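Peer 1: Encoded as structure tokens, here's the structure I'll be asking about.
In our numbering, the protein residues as written are 9 to 777.
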């Protein structure tokens, strides 16, 4: 294992901008079962301060490289077992850095079904192929005449057999395959066309009915859109190379010719050139195109997963409204508006359903009920889901609040993505066994305003709906990435040990669903935890697990003041030395930054705890249990703008960013359909990555540029010039086409494509090749 770590650490260290010794230390900790959040926060001295981003990349690459090494070992054993291993081949196998390179080298030795070339050799045509290759001056047809047998009827059959043998050698030439693949990656064109007769059925893919762009620079969102159209048999998708070259011999064919040292004048050379061309057309073109299609999908999936992960992180770390009595409203027209009141801890106090809309139209009765519940439970916040009927519900609430005396509750429209999935989940059933499924959604809507992180961890990350083509990507990779995001977010914030739900506890470093359930059962049976050390009384929670989780669990107002902070119990001794040096009581010192500012952290460094840990302890003593999330802020929707038909070009509106993709940001402006701020419209300068400007949850001011009511598309701008001038186009020059992530509110499956057209400027940007 040590040798394995040493061989991998240099590669990974270079990729994460670290020293090999740092990578070795991190790998050893991961192999021992430590989590990324624990290593990032509490083992800085060991890893030299690697952050969670570097550690996540390290962990992902470690899996890939170990898989690569396992495959390398299998290939070496296979070739050695065949008695065909040479020093030169071993050197090439050892030097291969990707799985593709390994497979290219293994191809000639890979056990396979009986091939045409093998059949030709069995018929005695191997010497003919060697003769043609060895004597280019001879006429292949003359040479072939000597190899006619009962199984080889004529010269044509003999030459076809020789062709198959030579072609197999070409297709198994690892060096040549690497050069051809590199040439294609640099020069190939991606071409999408509509399948004849599918124009109407495939209208959502109309941006790609006749689309060409370079394979190397195709953005992930467009690649996934085209791949989806191909999967749904609405588009044809091809990868072509050298199609615009006028020369009879294409560059790829000349590369094959070079590998065979083919000249131009001799009969054997002319025959071999035909074989080279045939091999490219019939064998290599298809196989290498499939390789590039696979790589295109992987590249696009990686980008889509990255976008989803970043958006999810922003959403999870959105500002909490805090521990205040909250009314959750899950809007519905025919089925009524579901109402749930929760107290500051999220405990359900009361639920009901009101029917202000057709067919009952009980507006006054609804307002009276909501007002009575507000007074009865001293509601401070009203959380309204953003689904169908949300703006009508918001207006009804606004009218109700107008008649209430001050102080009045604050109304907020929140995303209800995933609420219906949570309502029908096993988690919700266990939490609210006696509550109707429809009312559970209202509870979730109320709680996600109080603490988005605590509530959203109960929902499968993929169902939260802030992704870009999340249903089209590798689901295992997506789940791993999103689970890592949730784990990092939960541990960055910290968890109240005495109030956290089992799903939230399960995301804490070192814990999992079973131990989280055991903690909750222990809490229910034995009462609140007084100290972190009490965790060791929980069944199956041993010292190793305690080490991983303790620093991320908080006990406010417990017996040990440090239990309310992120200081790890293993470092309490250092913290208490600092307190003693200040001559103060711990409880009075915590939070007193003035008393701590003159403390020299170097005075408290010892053999176990270095300067990074001591500095972290001082920072935590200054602001114990600090929440890294921003302060709570809400968007104010314009009065009278409730539907897409109410919008007019030029309107200035306030909204909340719901999703950020590679091509721009989606903004909820309160009309049941998010508008798109294309990347070119985010700022009065060139923007490469929309995340430079906005993140999910941000409150922004936008101007309406264009409304397409029929296609339910809204184009917005954040540029000061109102979007009348296009910003500098992206370097690829083709960022105008964008997938529509939400065709309607609550639909987490992305639609095919959405063109962010802002007049002729963006139309030109889309067409630019």
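We put the CB at the ideal spot given by N, CA and C, even for glycine.
From a predicted model like this one, the values you see are computed outputs, not experimental measurements.
Enumerate, from N- to C-terminal direction, the unbroken alpha helix (DSSP H) stretches of 4 or more residues contained entirely within the region 135-204.
Peer 2: With a minimum length of 4 residues, the continuous alpha helix (DSSP H) runs that stay inside the region 135-204 are 148-152, 163-179 and 182-195.
Peer 1: Are three or more beta carbon pairs between the region 491-509 and the region 640-655 nearer than 8 Å?
Peer 2: Contact fails: fewer than three Cβ-Cβ distances are below 8 Å.
Peer 1: On the DSSP bridge assignment, give the partners of residue 335 in chain order.
Peer 2: Residue 335 is bridged to 349 and 390.
Peer 1: Let's see if you can read the secondary structure: which residues bound the alpha helix (DSSP H) around residue 307?
Peer 2: Residue 307 -> alpha helix (DSSP H) spans 293-324.
Peer 1: Going by the beta-carbon positions, is the gap between residue 397 and residue 424 smaller than 8 Å?
Peer 2: Not a contact, by the Cβ cut-off of 8 Å.
Peer 1: With 16 other CB atoms within 10 Å as the buried threshold, where does residue 752 fall?
Peer 2: Annotation note: pLDDT 35 at residue 752 (below 50); position unreliable, no value reported.
Peer 1: Would you say the region 54-71 touches the region 16-23, given that touching needs at least three Cβ pairs under 8 Å?
Peer 2: Yes, the region 54-71 is in contact with the region 16-23.
Peer 1: What are the start and end residues of the beta strand (DSSP E) that includes residue 660?
Peer 2: Residues 660-669.
Peer 1: Give me, in chain order, the residues of the same chain whose beta-carbon lies closer than 6 Å to that of residue 725; leave out the 5 immediate sequence neighbours on both sides.
Peer 2: Within the same chain, residue 725 has close Cβ partners 689, 711, 713 and 731.
Peer 1: Of the residues 709, 682 and 672, which one's Cα is nearest the Cα of residue 700?
Peer 2: Measuring from the Cα of residue 700, the nearest candidate turns out to be 672.
Peer 1: For a quick check, are the C-beta atoms of residue 453 and residue 391 less than 8 Å apart?
Peer 2: A contact, by the Cβ cut-off of 8 Å.
Peer 1: Going by the DSSP bridge assignment, what does residue 709 pair with across the sheet?
Peer 2: Note: residue 709 sits in a beta bridge opposite 662.
Peer 1: Rounding to the nearest angstrom, what Cα-Cα distance links residue 149 and residue 187 in this structure?
Peer 2: About 32 Å.
Peer 1: Determine the DSSP secondary structure at residue 15, reduced to helix, strand or coil.
Peer 2: Correct three-state label for residue 15: helix.
Peer 1: Please determine, among 437, 349 and 169, the residue with the shortest C-alpha to C-alpha distance to residue 417.
Peer 2: Checked all of 437, 349 and 169; the closest Cα to residue 417 is 349.
Peer 1: Using the Cβ count rule (16 or more neighbours within 10 Å means buried), how would you classify residue 194?
Peer 2: By the neighbour-count rule (16 or more Cβ atoms within 10 Å), residue 194 is not buried but exposed.
Peer 1: Mind checking whether residue 404 and residue 329 have CB atoms under 8 Å apart?
Peer 2: Not closer than 8 Å, so no.
Peer 1: Among the candidates 324, 692 and 720, whose CA atom is the shortest distance from the CA of residue 729?
Peer 2: Ranking 324, 692 and 720 by Cα distance to residue 729 puts 692 first.
Peer 1: With residue 672 as the anchor, note down where its beta strand (DSSP E) starts and where it stops.
Peer 2: Looking at the DSSP string, the run of the beta strand (DSSP E) that includes residue 672 is 672-676.
Peer 1: Rounded to the nearest angstrom, what separates residue 8 and residue 169 at their Cα positions?
Peer 2: In the structure displayed, the chain extends from 9 to 777; residue 8 sits before or after that span and is not available.
Peer 1: Under 8 Å, with one C-beta from each stretch per pair, do the region 477-487 and the region 338-352 reach the 3-pair mark?
Peer 2: Flag = no, the region 477-487 and the region 338-352 do not touch.
Peer 1: What's the C-alpha gap between residue 553 and residue 542?
Peer 2: So the alpha carbons of these two residues sit roughly 13 Å apart.
Peer 1: Pick helix, strand or coil for residue 570, following the three-state DSSP scheme.
Peer 2: It is helical.
Peer 1: Check for me: the alpha helix (DSSP H) holding residue 565 runs from which residue to which?
Peer 2: Here residue 565 belongs to no alpha helix (DSSP H), and DSSP marks it neither H nor E.
Peer 1: Entirely within the region 26-82 and at least 3 residues each: give me those beta strand (DSSP E) ranges in chain order.
Peer 2: Counting whole runs of 3 or more residues, the region 26-82 contains no beta strand (DSSP E) stretch at all.
Peer 1: Look at the Cβ atom of residue 62, then the Cβ atom of residue 33, and state whether they are nearer than 8 Å.
Peer 2: For residue 62 and residue 33, no; Cβs fall outside 8 Å.
Peer 1: Restricting to Cα atoms, I'd like to know which of 176, 151 and 161 is closest to residue 124.
Peer 2: The option with the nearest alpha carbon to residue 124 is 176.
Peer 1: Secondary structure at residue 586, three-state DSSP: helix, strand or coil?
Peer 2: Here residue 586 sits in helix by DSSP.
Peer 1: Give me the Cα-Cα distance between residue 681 and residue 709, rounded to the nearest whole angstrom.
Peer 2: C-alpha separation (whole angstroms): 16 Å.
Peer 1: Does the distance from the CB of residue 55 to the CB of residue 518 come in under 8 Å?
Peer 2: No, Cβ-Cβ distance for residue 55 and residue 518 is not below 8 Å.
Peer 1: Give me whichever residues DSSP pairs with residue 222 in a beta bridge.
Peer 2: DSSP, once it has assigned bridges, lists 197 as partnering residue 222.
Peer 1: Kindly identify the DSSP beta-bridge partner or partners of residue 429.
Peer 2: DSSP output for residue 429 lists no bridge partner at all.
Peer 1: Taking all protein chains shown into account, do 16 or more other C-beta atoms lie within 10 angstroms of the C-beta of residue 479, making it buried, or fewer, making it exposed?
Peer 2: Exposed, by the Cβ-count rule.
Peer 1: Give the DSSP-derived three-state secondary structure of residue 715 in the structure shown.
Peer 2: Here residue 715 sits in strand by DSSP.
Peer 1: Under the DSSP definition of a beta bridge, which residues are partnered with residue 721?
Peer 2: The partner list for residue 721 (beta bridge, DSSP) reads 716.
Peer 1: Contact between the region 649-659 and the region 715-722 is defined here as three or more beta-carbon pairs at a separation below 8 Å; is this criterion met?
Peer 2: Short answer: they touch.
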